[in-house]
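> Numbering (our numbering), first residue to last: 62 to 528. Even for Gly, the Cβ is constructed at its ideal location relative to N, Cα and C. I'd like to ask you about the structure that follows.
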Amino acid sequence: MAPPAPVHPRLRFAPSPTGFFHVGGARTALYNWAIARRLGGTFVLRIEDTDEARNRPEWTDGIIDSLAWIGISTDDPTFEGPYFQSSYAGAHIEAATRLYESGVAYYCDLTPDEVQVRAKVSGKPGYDGFSRDRGLEPGPGRVLRFRVPDGTTVVSDLVRGDVEFDNAHIEDFVLVRGNGTPMFLLANVVDDVAMAITHVVRAEEHLPNAPKQQMLWRALGHEPPTWAHVPVLVNEQRKKLSKRRDKVALEQYRAEGYLADAMVNYLMTLGWAPAGDTEIMPWSRIEAEFRLEDVNHAPAFFDLKKLSAFNGEYIRMLPLDEFIAACDEWLPSDWDRAVFARMAEHVQTRVVTMTDVAPMVDFLFLAEPEIDEGSWNKTMSSEFARALLRDTIEAFAAVDFVAAELKTALEEIGERYGQKLGKAQAPVRVAVTGRTVGPPLMESLEELGRDETLRRMRAALDRLEGR
RNA sequence: GCCCCCAUCGUCUAGUGGCCUAGGACACCACCCUUUCAAGGUGGCGGCACGGGUUCGAAUCCCGUUGGGGGUGCCA
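Put into structure tokens, the structure is as follows:
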């Protein structure tokens with residue numbers, strides 16, 4: 062016997078467009094991508110376009126855009142598609158006809174209500190095979206059902222091992238609706254066969270469909286693909302992430318300033334861990350090390366705190382010039398980029414997401430600092446604050462206006478009042494930046510300049526003295 | 001109800017019979033550093049769901065219990 066021809070690995074990712082791209086879908090896409098790349102195969106994008114999705118092409122564009130953001134780009138040679146399920150409608154019906162003619166599928170004229178009544182009477186859930194041997198011809202209102210054989214179906218799953226299903230528990234499922242349109246299950250298998258898909262990597266919720274699809278593959282005359290059902294992502298209630306309750310749109314994380322690299326890295330650690338003591342690693346290593354066989358079996362909690370930690374880490378890993386470049390789109394266009402660039406190193410260690418960047422340095426660019434009343438009340442109420450402000454204005458007017466000198470001057474003034482610099486800087490900080498927290502003060506003042514610093518301090522003093 | 005999947009610190013995980021008085025990461029706490037806040041450094045808290053087996057030896061294998069999740073459409 063001749064050795065089997067080598068098969069080119071083809072992994073399909075088949076999202077249904079719904080107006081946003083789910084983080085769980087992103088992880089599944091990444092799994093497919095990693096395996097396709099490592100095996101030297103192809104990542105096939107096939108959109109399960111519904112009627113609604115067809116009327117909203119922007120949904121599909123959104124998916125492609127989101128995939129590109131996480132590094133899965135249509136420009137990459139590994140990428141193939143996008144294809145659309147609807148464009149294979151003819152093949153779906155053709156396959157159904159073949160199945161009917163070969164006797165593995167049959168027509169049934171029972172309505173859904175009638176099926177339900179029979180189930181209730183017999184006490185057995187689901188369709189009972191009523192029309193199996195009635196020899197019905199195709200006709201309006203009649204559905205085509207698959208004749209599930211006796212025995213068991215074993216689904217060999219890369220992450221779960223062999224999963225055995227007793228066919229007695231699988232009803233004769235519908236292939237074609239009464240109106241003649243094919244069901245998703247059929248369409249899916251026919252498309253996979255047509256595209257020579259070798260690996261089906263998808264969420265665990267599809268596992269119960271696998272035996273049905275596997276039977277369909279065989280009925281169509283093909284060996285089923287390699288299956289891999291990966292666990293779902295859950296919320297703190299341990300429920301599958303839902304659009305209503307949870308923040309699941311990848312686009313939203315992008316808009317909130319999460320870095321694609323951080324998101325990708327974090328997503329890959331849910332259900333899988335690289336060898337060694339560090340989870341932070343570049344995609345190139347993940348791609349080389351990721352194995353479906355090593356994916357965990359239990360659902361994983363999508364932890365925003367840990368994502369944030371990853372994001373902060375990734376921001377800090379950026380070379381300074383890259384960080385500055387990355388900040389550009391997050392800053393108002395009229396802010397002086399040179400000023401920001403000089404402060405950037407102080408910003409980089411203090412932000413969690415890119416949306417934190419602008420508010421951290423806004424006082425340098427605004428005509429008036431935005432005074433946070435809580436901060437004001439906390440630091441300005443004492444007599445010490447007023448006196449210190451007065452002395453500092455005087456000192457700052459005379460000193461060489463650079464960070465080191467400013468620091469020395471403030472330190473001296475603090476000593477007069479028995480306060481360390483940590484306490485002494487607070488009123489100045491609130492007067493100039495409007496808040497108790499922020500980038501290093503002296504450096505900020507130097508950047509602001511003597512005139513503006515003194516003006517803000519005098520304004521604060523005026524307010525304190527009721528002027 | 002029925003079918004299927006799952007079960008290690010609060011969370012994500014390492015662990016595939018002896019290397020485990022169970023390792024790492026996030027979170028949390030303490031200390032150090034310090035110009036606020038961060039960042040960084042050091043240390044700490046904290047877990048094999050339960051009960052039976054198998055074995056010289058079990059987090060690891062088997063059975064049961066409990067608990068969680070998913071699926072049960074002429075949806076995708």
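Give a yes or no on contact between the region 396-406 and the region 474-482, applying the rule of three or more CB pairs nearer than 8 angstroms.
As far as the Cβ criterion goes, the region 396-406 does not touch the region 474-482, which means the pair count is below three.
> Count the other CB atoms, across all protein chains shown, that sit within 10 Å of the CB of lysine 181; report buried if there are 16 or more and exposed otherwise.
As a position in the first sequence, residue 181 is number 120, starting the count at 1. It is exposed - the Cβ of lysine 181 has fewer than 16 other Cβ atoms within 10 Å.
> For aspartate 126 and aspartate 417, what's the separation of their Cα atoms in angstroms?
Along the first sequence, one-based indexing puts residue 126 at 65. Along the first sequence, one-based indexing puts residue 417 at 356. If I take the Cα positions, the gap works out to 24 angstroms.
> Could you give the first and the last residue of the continuous beta strand (DSSP E) run that contains leucine 320?
Locating residue 320 in the first sequence gives position 259, where the first residue counts as 1. That residue, leucine 320, is in no beta strand (DSSP E); it is neither H nor E in DSSP.
> Counting along the chain, where does the beta strand (DSSP E) carrying phenylalanine 226 start and finish?
Taking the first residue of the first sequence as 1, we reach residue 226 at position 165. Here the beta strand (DSSP E) through phenylalanine 226 covers 222-227.
> Quick check: leucine 268 and leucine 294, are their CB atoms within less than 8 angstroms of each other?
As a position in the first sequence, residue 268 is number 207, starting the count at 1. As a position in the first sequence, residue 294 is number 233, starting the count at 1. Going by C-beta atoms, leucine 268 is not nearer than 8 angstroms to leucine 294.
> Name the DSSP bridge partner or partners of alanine 280?
For the purposes of this step, residue 280 is taken as residue 219 along the first sequence, with counting starting at 1. DSSP lists no partner for alanine 280.
> In the DSSP assignment, what are the bridge partners of lysine 301?
On the first sequence, position 240 is the one that residue 301 refers to. Val295.
> Quick one: Cα of glutamate 317 to Cα of leucine 246, how far?
Position 256 of the first sequence, counted from the start, is the residue given in the question as residue 317. Position 185 of the first sequence, counted from the start, is the residue given in the question as residue 246. C-alpha separation (whole angstroms): 37 angstroms.
> Taking only three categories from DSSP, how would you classify valine 215?
In the first sequence, counting from the first residue as 1, residue 215 sits at position 154. Strand.
> Taking only three categories from DSSP, how would you classify phenylalanine 74?
Here residue 74 corresponds to residue number 13 of the first sequence, with the count starting at 1. Three-state DSSP puts phenylalanine 74 in a strand.
> So what does DSSP say about glycine 142, is it helix, strand or coil?
The sequence position of residue 142 within the first sequence is 81, counting from 1. Note: glycine 142 maps to strand in three-state DSSP.
> Let me check one thing: in DSSP terms, what residues is alanine 448 bridge-paired to?
Within the first sequence, numbered from 1, the residue matching residue 448 stands at position 387. Alanine 448 pairs with nothing; no bridge assigned.
> So what does DSSP say about tryptophan 12, is it helix, strand or coil?
The structure shown does not extend to residue 12, since the chain is modelled only from 62 to 528, so the question has no answer here.
> According to the neighbour-count rule (16 or more other Cβ atoms, all chains shown, within 10 Å of its Cβ), is arginine 377 buried or exposed?
Your numbering for residue 377 matches position 316 in the first sequence. The residue in question, arginine 377, is exposed, as its Cβ has fewer than 16 Cβ neighbours within 10 Å.
> Within 10 Å of its beta-carbon, does proline 420 have 16 or more other beta-carbons around it, so buried, or fewer, so exposed?
Walking along the first sequence from the start, residue 420 turns up at place 359. By the neighbour-count rule (16 or more Cβ atoms within 10 Å), proline 420 is not buried but exposed.
> Please determine if the region 241-256 and the region 295-308 are in contact, where contact requires at least 3 C-beta pairs separated by less than 8 angstroms.
Short answer: they don't touch.
> Within a Cβ cutoff of 7 angstroms, which residues of the same chain sit near asparagine 93, ignoring the five residues on either side of it in sequence?
For this step, residue 93 is matched to residue 32 along the first sequence. So the qualifying residues of the chain are Leu72, Phe74, Phe104, Val262.
> Counting pairs of Cβ atoms below 8 angstroms between the region 189-196 and the region 223-230, do you hit three or more?
Judged by Cβ distances under 8 angstroms, the region 189-196 makes no contact with the region 223-230, as fewer than three pairs qualify.
> Secondary structure at alanine 53, three-state DSSP: helix, strand or coil?
One cannot answer for residue 53 here, as it falls past the ends of the chain, which runs 62 to 528.
> By alpha-carbon positions, which one of Phe426, Ala492, His283 ends up nearest to arginine 451?
Here residue 451 is taken as the residue at index 390 of the first sequence, counted from 1. Among Phe426, Ala492, His283, the Cα nearest to that of arginine 451 is on Ala492.
> Taking all protein chains shown into account, do 16 or more other C-beta atoms lie within 10 angstroms of the C-beta of asparagine 116, making it buried, or fewer, making it exposed?
Reading the first sequence from its first residue, position 55 is the one you call residue 116. With fewer than 16 Cβ atoms within 10 Å of its Cβ, asparagine 116 is classed as exposed.
> Taking contact to mean at least 3 C-beta pairs separated by less than 8 angstroms, is the region 153-168 in contact with the region 277-288?
Yes, the region 153-168 touches the region 277-288.
> Taking only three categories from DSSP, how would you classify phenylalanine 104?
Start at 1 with the first residue of the first sequence, and residue 104 comes out as number 43. Note: phenylalanine 104 maps to strand in three-state DSSP.
> Take leucine 392 and list the residues in its own chain whose beta-carbon comes closer than 8 angstroms to its own, dropping the five residues that flank it on each side.
Along the first sequence, one-based indexing puts residue 392 at 331. If we look at leucine 392 and ignore the five residues flanking it on each side, its Cβ neighbours are Arg398, Phe401, Val418, Ala419.
> Among the residues of its own chain, which have a CB less than 7 angstroms from the CB of asparagine 372, if the five just before and after it don't count?
As a position in the first sequence, residue 372 is number 311, starting the count at 1. Taken in chain order, the residues that qualify are Tyr319, Leu320, Ala323, Val413, Thr414.
> Going straight from the alpha carbon of phenylalanine 81 to that of tryptophan 120, what length do you get?
Residue numbering aside, residue 81 sits at position 20 when the first sequence is read from its first letter. Residue numbering aside, residue 120 sits at position 59 when the first sequence is read from its first letter. Roughly 7 angstroms between the two C-alpha positions.
> Quick check: what's the CA-CA separation for alanine 90 versus threonine 158?
Indexing the first sequence from 1 puts residue 90 at position 29. Indexing the first sequence from 1 puts residue 158 at position 97. In a straight line, the C-alpha of alanine 90 is about 33 angstroms away from that of threonine 158.
> Assuming arginine 263 is part of the beta strand (DSSP E), what are its boundary residues?
For the purposes of this step, residue 263 is identified with residue 202 of the first sequence, where counting begins at 1. Taken as a continuous stretch (DSSP letters only), the beta strand (DSSP E) holding arginine 263 covers 260-264.
> From this set, Arg352, Pro243, Ser217, Asp137, which residue's C-alpha is nearest alanine 271's C-alpha?
Taking the first residue of the first sequence as position 1, residue 271 is located at position 210. Of the candidates Arg352, Pro243, Ser217, Asp137, the one whose C-alpha sits nearest the C-alpha of alanine 271 is Ser217.
> Report the rounded CA-to-CA distance for glutamine 488 versus serine 394, giving the unit in angstroms.
Along the first sequence, one-based indexing puts residue 488 at 427. Along the first sequence, one-based indexing puts residue 394 at 333. At residue 488 the sequence reads proline, which differs from the glutamine that was named. Roughly 31 angstroms separates the two Cα atoms.
> Tell me the DSSP bridge mates of cysteine 169?
Residue numbering aside, residue 169 sits at position 108 when the first sequence is read from its first letter. Val204, per the DSSP bridge assignment.
> Determine the direct distance from the alpha carbon of cysteine 169 to that of arginine 179, and round the result to whole angstroms.
For this step, residue 179 is matched to residue 118 along the first sequence. For this step, residue 169 is matched to residue 108 along the first sequence. The straight-line gap from Cα to Cα measures roughly 14 angstroms.
> Check the DSSP bridge columns for phenylalanine 362 and list the partner residues they point to.
Against the first sequence, residue 362 aligns to sequence position 301. Phenylalanine 362 pairs with Val295.
> Under the rule that 16 or more other beta-carbon atoms within 10 Å means buried, what is lysine 185, buried or exposed?
Counting from one through the first sequence, the residue named residue 185 turns up at place 124. Exposed is the call here.
> Pull up the DSSP beta-bridge partners for proline 243, would you.
Locating residue 243 in the first sequence gives position 182, counting from the first residue. Its beta-bridge partners are Val237.
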